[in-house]
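Going letter by letter, the sequence shown gives residues 7 to 229 in the numbering used here. Since the structure comes first, as structure tokens, the remarks are kept for the end.
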Amino acid sequence: MTFSLIARCARTGQFGMVISSSSPAVAARCAHVRAGVGAVASQNVTDPALGPMLLDALEAGQDAAAALVRITAGRAHIGYRQLLVIDRAGQMAIHSGPEVLGIWGQAEGVDCAAGGNLLANDRVPAVMVGAFEVASGHLGDRLMAALDAGLAAGGEAGPVHSAGLKIADRLSWPLADLRIDWSDHPIADLRAAWQVYRPQMAAYVQRAEDPTQAPSYGVPGDE
Numbered sequence: 007m008t009f010s011l012i013a014r015c016a017r018t019g020q021f022g023m024v025i026s027s028s029s030p031a032v033a034a035r036c037a038h039v040r041a042g043v044g045a046v047a048s049q050n051v052t053d054p055a056l057g058p059m060l061l062d063a064l065e066a067g068q069d070a071a072a073a074l075v076r077i078t079a080g081r082a083h084i085g086y087r088q089l090l091v092i093d094r095a096g097q098m099a100i101h102s103g104p105e106v107l108g109i110w111g112q113a114e115g116v117d118c119a120a121g122g123n124l125l126a127n128d129r130v131p132a133v134m135v136g137a138f139e140v141a142s143g144h145l146g147d148r149l150m151a152a153l154d155a156g157l158a159a160g161g162e163a164g165p166v167h168s169a170g171l172k173i174a175d176r177l178s179w180p181l182a183d184l185r186i187d188w189s190d191h192p193i194a195d196l197r198a199a200w201q202v203y204r205p206q207m208a209a210y211v212q213r214a215e216d217p218t219q220a221p222s223y224g225v226p227g228d229e
């Protein structure tokens with residue numbers, strides 16, 4: 007029901023993820039990022055608790071592979087889960103259990119990994135990785151390029167209805183956390199939201215850290 011990509015920006019140290027699904031509000035359950043730590047996708051018959059568990063293991067000093075073993079070993083129903091992990095060093099680990107739904111796939115690249123289930127074809131994750139690797143610009147631009155490519159390669163077997171983009175930078179809260187929870191064109195809507203939000207990201211950080219130096223809010227009544 008899902009295709010996604012997790013990534014690290016080697017230049018900035020940011021972590022990010024994009025995801026889309028036929029299910030509503032997929033990013034609310036499946037997208038997990040933490041500044042200076044890593045990114046995790048927890049999908050396919052999702053257990054949202056696994057995302058924070060994996061990030062905690064990374065933060066405690068384990069690499070992606072060790073963290074994945076720690077969280078999956080002996081865990082009930084783990085065969086139904088698909089998990090993707092990337093750590094601060096850009097190392098990746100993927101678990102796709104034997105009960106993953108439909109046509110599924112996974113792929114790793116430089117500073118990125120992709121996976122999906124109930125796909126139109128098993129090439130979708132590799133196409134997403136390739137698109138991310140050749141894209142340029144901000145991490146968010148590269149993530150959106152990967153999501154667009156995944157959709158163009160077939161995406162999910164049926165129509166998608168939700169999508170999300172999440173990026174962690176250096177603060178305890180996400181630099182970007184954009185979600186389209188229900189739409190007939192969620193990826194196009196997510197791209198539109200990103201294009202609006204990207205030029206304002208730095209201003210929102212500034213308002214949090216020092217509102218006395220922040221730019222005007224640009225809304226009616228702001229003088």
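All C-beta atoms in this analysis are idealised placements derived from N, C-alpha and C, irrespective of residue type, glycine included.
| query | Are the beta-carbon atoms belonging to residue 153 and residue 193 less than 8 Å from one another? | reply | As a working note, residue 153 is residue 147 in the sequence shown. As a working note, residue 193 is residue 187 in the sequence shown. Taking 8 Å as the Cβ cut-off, residue 153 and residue 193 qualify as a contacting pair.
| task | Taking the CB atoms as reference points, tell me whether residue 44 and residue 21 lie closer together than 8 Å. | result | Locating residue 44 in the sequence shown gives position 38, counting from the first residue. Locating residue 21 in the sequence shown gives position 15, counting from the first residue. Yes.
| request: Return helix, strand or coil for residue 23, following the three-state DSSP convention. | output: For this step, residue 23 is matched to residue 17 along the sequence shown. Three-state DSSP puts residue 23 in a strand.
| query | In the DSSP assignment, what are the bridge partners of residue 9? | reply | By 1-based counting over the sequence shown, the position of residue 9 is 3. BP columns for residue 9 point to 26 and 122.
| field | Selected residue, minimal CA-CA separation from residue 32, among 41, 178 and 47 | value | The residue you call residue 32 lines up with position 26 of the sequence shown. Per the Cα distances, 47.
| message | If you reduce the DSSP assignment to three classes, tell me which class residue 96 lands in. | response | Working through the sequence shown from its first residue, we reach residue 96 at position 90. Note: residue 96 maps to coil in three-state DSSP.
| message | According to DSSP, is residue 140 part of a helix, a strand, or is it coil? | response | Within the sequence shown, residue 140 is the residue found at index 134, counting from 1. Reduced to three states, the DSSP call for residue 140 is helix.
| Per-residue DSSP class, three states only, for residue 202 | Within the sequence shown, the letter at position 196 stands for residue 202. Helix at residue 202.
| Smallest Cα separation from residue 26: which of 182, 206, 100 and 195? | Taking the sequence shown and counting its residues from 1, one reaches residue 26 at position 20. Closest option to residue 26, Cα to Cα, is 195.
| message | Please state whether the Cβ-Cβ distance between residue 13 and residue 177 is less than 8 Å. | response | Within the sequence shown, the letter at position 7 stands for residue 13. Within the sequence shown, the letter at position 171 stands for residue 177. Not a contact, by the Cβ cut-off of 8 Å.
| query | Around the Cβ of residue 167, are there at least 16 other Cβ atoms within 10 angstroms (buried) or fewer (exposed)? | reply | Within the sequence shown, numbered from 1, the residue matching residue 167 stands at position 161. By the 10 Å Cβ count, residue 167 comes out buried.
| Residue from 206, 165 and 50 whose Cα sits closest to the Cα of residue 104 | Residue mapping note: residue 104 aligns to position 98 of the sequence shown, counting from 1. When only C-alpha atoms are compared, the closest one is 50.
| task | Helix, strand or coil for residue 212, going by three-state DSSP, please let me know. | result | Counted from its first residue, the sequence shown places residue 212 at position 206. Of the three classes helix, strand and coil, the one that applies to residue 212 here is helix, per DSSP.
| message | Alpha carbons only, please: which of 163, 36, 11 and 199 is nearest the one belonging to residue 107? | response | Residue mapping note: residue 107 aligns to position 101 of the sequence shown, counting from 1. The shortest Cα separation from residue 107 among 163, 36, 11 and 199 belongs to 163.
| field | Local Cβ density within 10 Å of residue 38, reported as buried at 16 or more and exposed below that | value | Within the sequence shown, residue 38 is the residue found at index 32, counting from 1. The residue in question, residue 38, is buried, as its Cβ has 16 or more Cβ neighbours within 10 Å.
| What are the boundary residues of the beta strand (DSSP E) that includes residue 151? | Counted from its first residue, the sequence shown places residue 151 at position 145. Not the beta strand (DSSP E): residue 151 falls in the alpha helix (DSSP H), residues 145-158.
| Bounding residues of the beta strand (DSSP E) (the contiguous stretch that carries residue 65) | Numbered from its first residue, the sequence shown carries residue 65 at position 59. Taken as a continuous stretch (DSSP letters only), residue 65 belongs to no beta strand (DSSP E), being part of the alpha helix (DSSP H) at 56-65.
| task | With DSSP as the reference, label residue 68 as helix, strand or coil. | result | Taking the sequence shown and counting its residues from 1, the one referred to as residue 68 is at position 62. The answer is coil: DSSP assigns residue 68 none of H, G, I, E or B.
| said: Quick check on this structure: which residue in 123, 109, 228 and 97 has the alpha carbon closest to the alpha carbon of residue 115? | reply: For the purposes of this step, residue 115 is taken as residue 109 along the sequence shown, with counting starting at 1. Nearest option by C-alpha distance: 97.
| task | Please determine if the region 76-93 and the region 118-138 are in contact, where contact requires at least 3 C-beta pairs separated by less than 8 Å. | result | yes
| query | Beta-carbon separation of residue 129 and residue 159 under 8 Å? | reply | Counting from one through the sequence shown, the residue named residue 129 turns up at place 123. Counting from one through the sequence shown, the residue named residue 159 turns up at place 153. Cβ distance < 8 Å, so residue 129 and residue 159 count as in contact.
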